[in-house]
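Just so you know, we're using the UniProt record's numbering here: the sequence shown kicks off at 1 and counts up by one. Every residue, glycine too, gets a C-beta built ideally from N, C-alpha and C.
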Amino acid sequence: FFSENTLEDPVYVDTLNENELDLYVLQERGEIYKFLHSNTASQPQDHVPWLYNQVSAGYPEEKINGIIEGNWHEVRDTPSEFNGIQASHAKFWTGSADILEKFYENNLIKIGFGQCWVFAGLLITMLRALGIPSRPVTVSFAGVDFDKDLTIDYELSWWWGTLKPKDDKNYKWNFHVWVQASMQRPEMGSYYSGWQEVDPTYARGPVSQRSLKKSEINSTDLAYFYAAVNGDEAVWQSGEVISTKTDNIGTRIITPGFQSYSRIDITRKYKPKERSGNERKHYEKAARSLGINPVSLNRRTKRSSKRKINVLIKPILPVLIGHPLIFTVILKNPTKNTQILDSHLSVDSIFDNGTIVNTVKSSENVYTIRSHEEIQFSESIEFDEYKDKLRSSKTLSITADLRTRDNVFAFKSSKMISILTPQIWIEYLKNYAGKCERAEPDVVKSNISDTANKNSAQVAIKVHFMDRLTFSLSNVRLSLEGSRCNRKVFNIGTLDSTDQINKTFCLICYRSDLINESLVASLISDEVDDVKGMTTIGFL
């Protein structure tokens with residue numbers, strides 16, 4: 001075990017104060033942030049409550065992806081069993097304890113299923129159990145580059161075609177979560193001690209954050225992390241690079257703050273401001289460190305002296321699932337000549353890595369725009385049009401493609417919009433003595449009796465939707481977990497659009513006069529996932 005307060009200890013770092021050590025070692029509950037996408041920005045407005053507690057350090061050394069299998073499919077396409085044990089959808093988990101206990105009960109054979117924030121939550125639990133300060137880091141539009149060339153490459157087959165990753169070594173997550181662990185790096189020098197980047201999804205790291213900030217990229221793992229936060233994008237067509245972008249990767253990087261539901265923007269801890277001369281020098285230094293010459297440094301998209309058509313998708317915010325998505329496309333002609341434009345508009349559902357899965361709606365039109373004229377047209381995507389085509393990412397891509405009749409100029413504008421899932425709030429029923437819903441049989445043997453005694457107490461709650469549903473839910477299941485309560489899963493069945501969850505759920509929890517009990521609820525169905533709620537109910 002490590003002692004982060006002892007000067008001689010390998011995890012002692014003088015840059016962390018006492019409050020930070022309490023947060024990054026002793027904290028048993030917290031949030032892992034995701035990013036919601038609108039056309040204005042990627043906003044860290046969605047958080048996953050996560051319980052890091054209830055774990056000793058007695059688990060065998062194992063890669064995180066050797067404990068739980070990755071799966072990014074929606075609920076209805078996720079297997080109910082994996083390796084002989086009941087599986088859970090990645091978005092159904094609310095803490096590390098049940099995952100590790102199931103892994104142990106399954107004779108240390110991998111269970112199902114997780115995604116990046118689940119892997120991160122597990123690793124943080126293990127690190128904190130050992131006394132190593134750690135925290136989650138969320139990167140908006142994180143690049144994945146296994147070519148070690150600091151470039152995310154896309155292929156455009158034709159002008160109306162969609163951008164696709166050039167191969168399976170290049171893609172970009174809508175967001176990605178990994179872990180920072182604080183420790184000394186005596187083999188590198190004291191300057192490189194402190195936060196180290198570790199990505200349990202791909203088993204990368206640790207690498208020093210300061211190596212990334214100084215753009216000293218001299219290993220495969222450092223190249224991986226640098227491309228994730230500051231890679232360039234290149235679009236290829238017929239073997240040639242037709243465009244590059246330098247500011248589409250790692251647009252924001254955050255970690256949870258000291259207060260609940262707060263966050264700290266740490267983007268500048270990794271790189272200079274985008275679209276600045278310093279950022280380009282930073283990227284060039286990284287490339288020189290690796291001895292490579294990325295295409296984005298060789299080719300610059302030439303800016304025509306002629307003024308072009310302006311294409312804008314009018315500001316819209318993420319929309320709650322069940323409601324229509326309405327947006328406006330604005331075309332402006334700043335030239336002196338009338339322009340005749342062929343237009344192709346497409347709304348597509350996408351995977352978490354940005355790959356298009358289903359086309360929700362598409363249309364083609366011809367627009368004649370006079371000099372200095374502005375044209376607007378609106379589109380509405382109804383729930384019935386997108387409900388069966390959404391993937392687990394709950395994200396739609398809106399793309400407007402235009403080209404002049406003489407094919408001299410082509411214009412493209414693309415935005416991503418998140419479809420929000422309803423959230424729930426937890427009502428604590430103090431001194432409740434009535435009937436409780438029966439939970440599903442435990443996969444893991446519980447250490448807590450099913451009845452209250454002098455060491456435990458019954459906690460009764462009700463769960464309510466914060467947003468009114470406009471459609472029915474089928475195969476509804478509810479997971480409840482507490483800081484001192486074993487996880488329980490309840491089968492609710494079907495909920496009509498007018499229904500509330502008019503049931504009472506109970507957990508048996510250890511008593512404690514030192515720690516406020518926190519409860520986390522997670523609800524999934526065939527139609528929605530990632531429905532979460534969290535509350536603190538006080539001492540038991």
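Alpha carbon of residue i to alpha carbon of residue j, nearest angstrom
i	j	result
Ile381	Asn17	51 Å
Ser456	Val357	49 Å
Thr335	Phe411	14 Å
Asn278	Cys485	51 Å
Thr40	Arg128	Note that Thr40 has pLDDT 44, beneath the 50 cutoff, so the model's placement of it is unreliable and no number is given.
Ile253	Leu123	19 Å
Phe465	Arg185	48 Å
Leu23	Asp14	15 Å
His73	Arg391	7 Å
Phe103	Val118	14 Å
Ile424	Met183	38 Å
Leu341	Gly84	58 Å
Lys110	Glu527	27 Å
Ile501	Ser474	13 Å
residue 615	Asn310	With the chain covering 1 to 540 only, the question about residue 615 has no answer from this structure.
Phe258	Leu51	16 Å
Cys509	Ile537	12 Å
Phe327	Gly70	34 Å
Lys532	Met188	42 Å
Trp195	Ile132	11 Å
Glu284	Thr244	15 Å
Pro272	Lys172	20 Å
Ala142	Val207	17 Å
Gly95	Gly30	10 Å
Gly493	Glu385	25 Å
Asp499	Arg468	9 Å
Cys436	Ile330	55 Å
Ile419	Gln376	24 Å
Glu373	Val366	15 Å
Nearest to residue i (by Cα), restricted to the options the options
i	options	result
Ser238	Lys166, Val319, Val75	Lys166
Asp265	Gly250, Ser276, Gly277, Arg275	Gly250
residue 559	Leu297, Pro186, Asn248	This structure cannot settle anything about residue 559, because the visible part of the chain is limited to 1 through 540.
Leu325	Gln86, Ile398, Ala433, Asp247	Ile398
Thr535	Val329, Leu519, Leu341, Asp529	Leu519
Ser414	Thr470, Ser362, Ile313, Asp499	Ile313
Leu429	Leu540, Arg370, His323, Thr355	Leu540
Lys269	Asn310, Gln209, Gln86, Asn248	Gln209
Ile515	Val11, Glu28, Leu21	Glu28
Ser190	Ser211, Ala203, Val198	Ser211
Gly434	Asp467, Leu21, Thr504	Thr504
Val25	Leu108, Ser134, Phe82, Val11	Ser134
Val75	Ile67, Gly66, Ala87	Ala87
Ser472	Arg438, Gly354, Ile321	Ile321
Extent of the continuous beta strand (DSSP E) run through residue i
i	result
Ala460	456 to 465
Phe146	Careful: Phe146 lies outside any beta strand (DSSP E) and carries neither H nor E.
Val531	531 to 538
Ala120	Taken as a continuous stretch (DSSP letters only), Ala120 belongs to no beta strand (DSSP E), being part of the alpha helix (DSSP H) at 116 to 129.
Phe103	It is not in any beta strand (DSSP E) - Phe103 instead sits in the alpha helix (DSSP H) that spans 97 to 105.
Phe411	410 to 420
Glu481	473 to 482
Lys34	29 to 37
Thr395	395 to 404
Glu440	Looking at the DSSP string, Glu440 is not in any beta strand (DSSP E), and its letter there is neither H nor E.
Thr494	485 to 495
Leu163	163 to 165
Ile426	424 to 428
Terminal residues of the alpha helix (DSSP H) in which residue i lies
i	result
Phe383	383 to 386
Thr220	220 to 230
Arg210	209 to 213
Leu21	18 to 21
Sequence-distant residues of its chain with Cβ nearer than 7 Å to residue i (five each side left out)
i	result
Asp530	Lys91, Thr421
Leu507	Val459, Leu480, Gly482, Cys485, Lys488
Ala120	Ile32, Pro136, Val177, Trp178, Val179, Pro200
Glu427	Ile461, Lys462, His464
Asp147	Lys169, Asn170
Leu163	Tyr154, Leu156, Val235
Val48	Glu31, Ile32, Lys34, Trp117, Lys532
Own chain partners of residue i with C-beta closer than 6 Å, once the 5 adjacent residues on each side are dropped
i	result
Lys389	Ser349, Asn358, Val360
Arg204	Asp221, Tyr224
Ile292	Asp149
Glu364	His344
Ser362	Ser346
Cβ-based neighbour list, residue i, same chain, cut-off 8 Å, excluding 5 preceding and 5 following
i	result
Asp401	Trp159, Trp160, Ser343, His344, Leu345, Ser346, Ala410, Phe411, Lys412
* Minimum length 4: unbroken alpha helix (DSSP H) runs contained in the segment 233 to 302 -> Runs of the alpha helix (DSSP H) inside the segment 233 to 302: 277 to 290, 295 to 298.
* May I have a chain-ordered list of the beta strand (DSSP E) segments no shorter than 3 residues that lie completely inside the segment 302 to 341? => 310 to 313, 325 to 332
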